[in-house]
Amino acid sequence: MRKARKLPLEELTPYLLELPDPLAHLDLSTIFGNRRHVEIEIGFGKGTFLVASGQARPEVNFVGVEIDRGLQLYVASRLAKRSLGNVRVVKADARQFVRDCVPGASLHAIHVYFPDPWWKTRHKKRRVFTGDFAASCERTLAPNGHLLVATDVEEYFGVMTSLVAGHTRLRPVAWPAMNEACQTNFERKAVQQGRTVWRAAFTLP
């Protein structure tokens, strides 16, 4: 099998979003060079959703947030090979990024798909979804913007929906129609293995 060509860092740079030091709100219109709707994905993994969505919806700008530098570079390479100028990837703690770097009322959608459940009780404090994170999502969503969450862990789904209900003014709405090509690797695997996928969508009232 032919080994994929590794791109030099300078070819990846246009797709890598660097954070200001100290942290401050980003000017998203300057980053993308336009004022199109912006959506973010929390924990993009190998980038299946970002790549497919960037291709299917060129009129929308996407930012992917991932704590792993290796995954950031891997997905940036996928973006570069497809010249997807409407997608950026950033290495950051998602809770900190949404709280400190995203301007208020600036996002059309926030996608949180199959976040790490951190099974052990002592590790659950590492979960991305907290009351503060839910409140940050509300602050950064533009009017009629959506928070979309999905997981195959029923307990975590209950936690996420309860936190949204208890810490925000967001209200549940019907799950929007989506292109199947935009499913994450985790969702595809869950469906193939016959596991239930729990989904919820919320918007500002």
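Take the sequence shown: its letters are residues -4 to 200, numbered as in the working numbering.
For every residue, glycine included, the Cβ atom is placed at its ideal position computed from N, Cα and C.
Small disclaimer: the values here were computed from a predicted structure and weren't measured.
State the DSSP-derived secondary structure class of residue i, mapped to helix, strand or coil.
i	result
isoleucine 26	helix
glutamate 54	coil
glycine 65	helix
serine 59	The residue asked about is misnamed: residue 59 is glycine in this sequence, not serine. Correct three-state label for glycine 59: strand.
leucine 4	helix
threonine 198	strand
arginine 164	coil
leucine 45	helix
leucine 79	coil
valine 159	helix
glutamate 34	strand
Give me, in chain order, the residues of the same chain whose beta-carbon lies closer than 8 Å to that of residue i; leave out the 5 immediate sequence neighbours on both sides.
i	result
phenylalanine 92	Leu14, Val60, Val85
asparagine 29	Asn56
glycine 126	Leu158, Gly161, His162
phenylalanine 124	Val107, Pro110, Val144, Tyr151, Val154, Met155, Leu158
arginine 166	Phe197, Thr198, Leu199, Pro200
alanine 75	Leu2, Glu6, Leu7, Pro9, Tyr10
Leaving out five residues on either side along the sequence, give the residues of the same chain with a beta carbon under 7 Å from the beta carbon of residue i.
i	result
alanine 185	Asp147, Val192
arginine 164	Glu133, Leu199, Pro200
glutamate 182	Tyr108, Phe109, Ala145, Val192
glutamate 5	none
tryptophan 170	Arg194, Ala196
leucine 102	Val33, Glu34, Ile35, Thr135, Leu136, Ala137, Gly140
arginine 31	Glu54, Val55, Asn56
Residue i: which of the options sits nearest, CA to CA?
i	options	result
leucine 2	Thr25, Leu68, Ile35, Leu165	Leu68
arginine 79	Gly99, Thr156, Tyr10	In the sequence on display, residue 79 carries leucine and not arginine. The shortest C-alpha separation from leucine 79 is found at Tyr10.
glutamate 36	Trp170, Ala89, Gly99	Ala89
glycine 140	Phe128, Gly189, Gly42, Val168	Val168
proline 53	Asp95, Gln188, Val97, Arg77	Arg77
arginine 194	Glu149, Asn180, Gln188, Cys96	Glu149
aspartate 95	Asp16, Arg31, Glu5	Asp16
asparagine 180	Lys115, Ala137, Thr43, Ile62	Thr43
alanine 87	Lys115, Asp63, Val97	Asp63
Report yes if the C-beta of residue i is less than 6 Å from at least one heavy atom of the ligand ZN; otherwise report no.
i	result
proline 9	The ligand ZN is not part of the structure shown, which contains no ligands of any sort.
Within 10 angstroms of its Cβ, does residue i collect 16 or more other Cβ (buried), or is it exposed?
i	result
leucine 18	exposed
glycine 49	buried
glutamate 34	buried
arginine 73	buried
alanine 100	exposed
glycine 229	Nothing can be reported for residue 229, as the shown portion of the chain is limited to -4 through 200.
threonine 135	buried
leucine 23	buried
glycine 231	Past the boundaries of the shown model lies residue 231; the chain is included only from -4 to 200, so the question cannot be answered.
leucine 21	buried
glycine 38	buried
alanine 129	buried
Who are the near neighbours of residue i in its chain, counting only those whose CB is closer than 6 Å to its CB and skipping five residues on each side?
i	result
arginine -3	Bear in mind that a pLDDT of 46 at arginine -3, under 50, signals an unreliable position, so the model cannot answer this.
cysteine 132	Ile105, Leu142
alanine 71	Leu7, Tyr10, Leu11, Val84
valine 58	Ile35, Arg83
Entirely enclosed alpha helix (DSSP H) segments - the stretch 87 to 157, minimum 4 residues:
89 to 95, 126 to 135
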